[in-house]
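Chemist:
Numbering (the working numbering), first residue to last: 320 to 462.
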């Protein structure tokens, strides 16, 4: 397998990511639910990249967007980063993360951000190893 990164552009490409994304986002109802959400999110610049296994099917997926804030300027925000359970620890997430860091630099971003659930200890270890740190609290409230 190479370090080739693919971007999901077509409807069928987005649907094909569902088996991987659903491991992080189990509330999604199916490939068409994923597609309809992605289509809406694209209006805000949302993109999805993925890495293929030996058989050509997706084994890791990242969703991100670049946006501007008053306090930091341009930022690349990672919405999703997931590797199939069978492939965790094999470097797929690293390849996607490194690609997003390079993309952030190329687009003039000042930082790469992501939020991670407090229960996702293994993911936190990965993020620390990739040079991320805890910079703030994220507050939320249902409305």
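Virtual Cβ for every residue (Gly too), placed ideally from N, Cα, C.
In angstroms with no decimal places, state the Cα-to-Cα distance between residue 360 and residue 398.
Modeler: So the two alpha carbons sit approximately 11 Å from each other.
Chemist: Going by alpha carbons, who is nearest to residue 417 out of 389, 381, 407, 462?
Modeler: Closest by alpha carbon: 381.
Chemist: Grouping DSSP H, G and I as helix and E and B as strand, with all else coil, what is residue 394?
Modeler: If DSSP states are grouped into helix, strand and coil, residue 394 belongs with the strands.
Chemist: Could you have a look at residue 386 and say whether DSSP puts it in helix, strand or coil?
Modeler: Strand, per DSSP.
Chemist: Within 10 Å of its beta-carbon, does residue 396 have 16 or more other beta-carbons around it, so buried, or fewer, so exposed?
Modeler: Burial call: buried.
Chemist: Out of curiosity, what's the CA-to-CA distance linking residue 420 and residue 363?
Modeler: Approximately 19 Å between the Cα atoms of the pair.
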